[in-house]
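Okay, so here's the structure we're looking at.
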Amino acid sequence: MVKKSKKKTKKKIKSKKELIEEPSIQLKKEKREIKPEIGPHHLTKYERARIIGARALQISMSAPILLDEIPDIKDPIQIAEMELEQRLLPITVRRKLPDGKYEDIPLIYLLNHGY
Numbered sequence: 624m625v626k627k628s629k630k631k632t633k634k635k636i637k638s639k640k641e642l643i644e645e646p647s648i649q650l651k652k653e654k655r656e657i658k659p660e661i662g663p664h665h666l667t668k669y670e671r672a673r674i675i676g677a678r679a680l681q682i683s684m685s686a687p688i689l690l691d692e693i694p695d696i697k698d699p700i701q702i703a704e705m706e707l708e709q710r711l712l713p714i715t716v717r718r719k720l721p722d723g724k725y726e727d728i729p730l731i732y733l734l735n736h737g738y
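Count along the sequence shown from 1, add 623, and you get the number used in this note's numbering.
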């Protein structure tokens, strides 16, 4: 029987302070300006209809209403329209091209740049 010798190597473990100061590990926070490259700079009528429909479905399935003052309205579509008008929906619109490329645009950007 041949015995295999196991060689133990000690790796130098860096302290937390060294890891924080090392520039390759630091995360860079960059603010990028959002400019849609796909489609118009405003919300299209088709995107608006889809957002209102999706939000109305959520409301009808007992999702919390995001309005500050809850109206006496029972219709989930009207509530969804009010939430959209007051810019309360945290939704991102994904615009796709036929070649598979896509772009995610925050809804608030499209609402602020509409006519």
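We put the beta carbon where it would ideally sit given N, CA and C, even for glycine.
Remember, predicted model here, so these are calculated numbers, not experimental data.
Compute the Euclidean distance between the alpha carbons of residue i and residue j, then round it to the nearest angstrom.
i, j, result
"Asp722", "Pro729", "22 Å"
"Asp691", "Leu720", "37 Å"
"Glu704", "Glu660", "27 Å"
"His736", "Pro663", "10 Å"
"Ile674", "Lys658", "20 Å"
"Lys697", "Lys724", "39 Å"
"Lys726", "Arg717", "One point to set straight first is that residue 726 is Glu, not Lys, in the sequence displayed. Cα to Cα, the separation comes out at about 6 Å."
Using the three-state DSSP reduction, which class does residue i fall into: helix, strand or coil?
i, result
"Glu708", "helix"
"Thr670", "Position check: residue 670 holds Glu in this sequence, whereas Thr was assumed. Three-state result, Glu670: helix."
"Ile696", "coil"
"Gly676", "helix"
"Leu689", "coil"
To which residues does DSSP link residue i through a beta bridge?
i, result
"Lys719", "Tyr725"
Round the Cβ separation of residue i and residue j to the nearest angstrom and send it over; I've been treating them as touching at under 8 Å.
i, j, result
"Pro694", "Ala679", "The pair is not a contact, with the Cβ atoms about 14 Å apart (cut-off 8 Å)."
Mind checking whether the beta-carbon of residue i lies closer than 6 Å to any heavy atom of the ligand HEM?
i, result
"Pro699", "This structure lacks the ligand HEM; in fact it carries no ligand of any kind."
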